[in-house]
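Residue numbers (my numbering): 1 to 515.
Virtual Cβ for every residue (Gly too), placed ideally from N, Cα, C.
The structure displayed is predicted, hence computed values, not measured ones.
Working notes, beginning with the structure itself.
Put into C-alpha cells, the structure is as follows:
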C-alpha cells in the first residue's frame, strides 16, 4: 500500500496565496488537484484537451485515512459526484480501480465543484479525496543482442532457457500466429487462459478477452515479446528478416537481410511462458488506468496477492513523461501500483523512456543535447528495475544510446538501474509493423522479423535475463528485491556516468555465478 504522504490543501486549483510575494509560495505546490490538470497548456503537452469545458479523463485518488476506510471514501465521492456533474454529452460511469482510484470523465469546473464539496469536510479523516490526477496517455516506448547480455553463454553453460518461468507482457498484445512462439508453445499450456485484453470492457471470463489479447494490430507487443522468449522456426528458409537502412541524405528504407550460419533468432529465455495483457489499441492509444488494471489483474486474480506466483515477472515497455513539478517522483498512481506489485513478490521491469535527448535554449541560441531528469513514469517507481538502452553488440565502444532517458529522478534517486541493448534490435514483426514492410496482406507461412530501437527493446532483454535466471535459481522466485540486488551488483560498467548507465550492462552469466 502507498505510504501516507503529507496532507494537501484540498481547494488549491492554482490560485495565488494572496500575499503577492513569491517568497511565501511553498517550494512544493499543495492542492488536491495535480499541476498538469490546472493549466490548459500543460494538458495539451500531455495529450489532453486544453479547453476548460472539455471532458477530461480523470483519476481520483481516494483518501486512505478516511474515517471509514476506502469504502467510506468511495461512498462519499459518489455522493459528491452526482450533484457536481452538469448535463450535456453522455459519459461512462465512474469506475473503481485497484480499490484506491476512481476513473471518471469530468470538466475542470466539475473537478472544482467536487473538490470544493469535499473541502467542506475540513478534517483529514473526513475528506474522500486525496489527489486528483489526469488519466495520463501512455505510449509504447535479437540475434546479436542476446550474446551482448551473455544469454547464449548462460544457455550453453547452465541450460538457463527460461523453462518454468512465466512473464507478463503489458503492451499491444502478442500475435499468437507468429511462428516464433510455436516451438516451445510460448503462449499455451498452463498460461493459455491467462491472457487478457484491457482495451475493452469485457465481462469476467468472457472468451473475447483472451482472443483479443493474442492479436496485435500495432506490432509493438509482439516485438517486445520476441526478445523475452520464443525461437525462430527450425526451417530458416521460411524466414524473412528486414532491417531499416538510411542513405547519405537520411532517407530511410527497408531491405531484407540474412541470418549468419549457425545463428538463430531467439528470446533471451526461449522456453519461458508469456502472458499477453493488452492495453494498447491498434492505433497505439492507452491510458495509465488500463495499465493499473493489468497490474491489479496479475496481483489479485492470477497470483492471489502473492499466495501463488503463477506470473513471476512483468515487462512494461511503455510510459509517459513525468514532470517533477507535478508531484513527488515515484508517487503517481501508476508508480504506486508498480511498487505494490513488486511487494507482492513479482519482478517488474520498466523501460526508462526515449526522452533523453532534446533542445536547450539559452538567449538566442538553441542546442541539441542529452538531458538529465528525463526518466519516464512508471520508471520512477522505486522498486521497479528501470532499464536504459545501449548499442546492440558494441556497448563498450558506443556506450549509452543518445535517446535513452537519463537520471536522476526528480527527487534525486539513481535511475536507470541497468542498461541493455536497445538499438536496431531484431525481433518479431506483426500488425502495423508488418504491414509497413510488405503491405496489408504479406504472404502466409513465413516468419517475419524486423529491427526496432528504443528502451522498449532494452527492457525485455532484462526481463528475459531474469526469467532465464529464475529457471535455474528457483529459490529466488518471489524475492524481487534480492533479484534486483543480484543483477545490479553483477552488472558490467561501461565506464559511463552513473545517471546514464545505472549499475551498468546486464550480465546474465555473472548474475548466475554470483549466487
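Check whether residue i and residue j have beta carbons under 9 Å apart
i: residue 451; j: residue 147; result: no
i: residue 400; j: residue 384; result: no
i: residue 419; j: residue 494; result: yes
i: residue 317; j: residue 153; result: no
i: residue 380; j: residue 351; result: no
i: residue 346; j: residue 480; result: yes
i: residue 266; j: residue 230; result: yes
i: residue 170; j: residue 314; result: yes
i: residue 185; j: residue 310; result: no
i: residue 115; j: residue 333; result: no
i: residue 500; j: residue 466; result: no
i: residue 477; j: residue 312; result: yes
i: residue 510; j: residue 490; result: yes
i: residue 33; j: residue 111; result: yes
Rounded straight-line distance, which links the Cα of residue j to that of residue i
i: residue 47; j: residue 136; result: 8 Å
i: residue 213; j: residue 188; result: 13 Å
i: residue 194; j: residue 301; result: 10 Å
i: residue 335; j: residue 164; result: 28 Å
i: residue 160; j: residue 63; result: 45 Å
i: residue 340; j: residue 434; result: 36 Å
i: residue 67; j: residue 74; result: 12 Å
i: residue 83; j: residue 211; result: 40 Å
i: residue 129; j: residue 354; result: 33 Å
i: residue 436; j: residue 222; result: 15 Å
i: residue 372; j: residue 356; result: 7 Å
i: residue 506; j: residue 41; result: 39 Å
i: residue 93; j: residue 391; result: 47 Å
i: residue 492; j: residue 504; result: 5 Å
i: residue 173; j: residue 140; result: 12 Å
i: residue 133; j: residue 118; result: 16 Å
i: residue 37; j: residue 322; result: 13 Å
i: residue 535; j: residue 431; result: No statement about residue 535 is possible, as the shown extent of the chain runs from 1 to 515 and does not include it.
i: residue 276; j: residue 168; result: 6 Å
i: residue 324; j: residue 416; result: 16 Å
i: residue 233; j: residue 448; result: 11 Å
i: residue 179; j: residue 455; result: 25 Å
i: residue 329; j: residue 485; result: 22 Å
Limits of the unbroken alpha helix (DSSP H) element including residue i
i: residue 335; result: 333-343
i: residue 388; result: From DSSP, residue 388 is part of no alpha helix (DSSP H) but of the beta strand (DSSP E) over 385-390.
i: residue 519; result: Nothing can be reported for residue 519: it is not among the residues displayed for the chain, which extend from 1 to 515.
i: residue 177; result: Careful: residue 177 lies outside any alpha helix (DSSP H) and carries neither H nor E.
i: residue 129; result: Unbroken run through residue 129 is the beta strand (DSSP E), 129-134; no alpha helix (DSSP H).
i: residue 276; result: Per DSSP, residue 276 belongs to no alpha helix (DSSP H); it is in the beta strand (DSSP E), 273-278.
i: residue 488; result: 480-490
i: residue 153; result: 151-158
i: residue 148; result: 145-148
Three-state secondary structure assigned by DSSP to residue i
i: residue 96; result: strand
i: residue 472; result: helix
i: residue 81; result: helix
i: residue 499; result: helix
i: residue 76; result: helix
i: residue 26; result: Annotation note: pLDDT 31 at residue 26 (below 50); position unreliable, coordinate value reported separately. DSSP places residue 26 in coil when its eight states are reduced to three.
i: residue 346; result: coil
i: residue 48; result: coil
i: residue 398; result: helix
i: residue 270; result: coil
i: residue 33; result: strand
i: residue 124; result: coil
i: residue 311; result: coil
i: residue 297; result: helix
i: residue 139; result: strand
i: residue 164; result: coil
i: residue 328; result: coil
i: residue 319; result: strand
i: residue 506; result: coil
i: residue 375; result: coil
i: residue 450; result: strand
i: residue 67; result: coil
i: residue 351; result: strand
i: residue 291; result: helix
i: residue 302; result: helix
i: residue 14; result: Unreliable placement is indicated for residue 14, whose pLDDT of 38 sits below 50; no coordinate value is reported for it.
i: residue 462; result: helix
Range covered by the beta strand (DSSP E) that runs through residue i
i: residue 57; result: 56-62
i: residue 39; result: Looking at the DSSP string, residue 39 is not in any beta strand (DSSP E), and its letter there is neither H nor E.
Contact test: residue i Cβ vs the ligand ATP heavy atom, cutoff 8 Å
i: residue 137; result: For the ligand ATP, the structure offers nothing, since it holds no ligand at all.
Whole runs of the beta strand (DSSP E) within the region 409-440, excluding any shorter than 3 residues: Correct list: 418-421, 425-428.
Segments assigned alpha helix (DSSP H), at least 4 residues, entirely inside the region 186-231: Secondary structure in the region 186-231: the alpha helix (DSSP H) runs of 4 residues or longer, each lying completely within the stretch, are 207-213, 220-228 in chain order.
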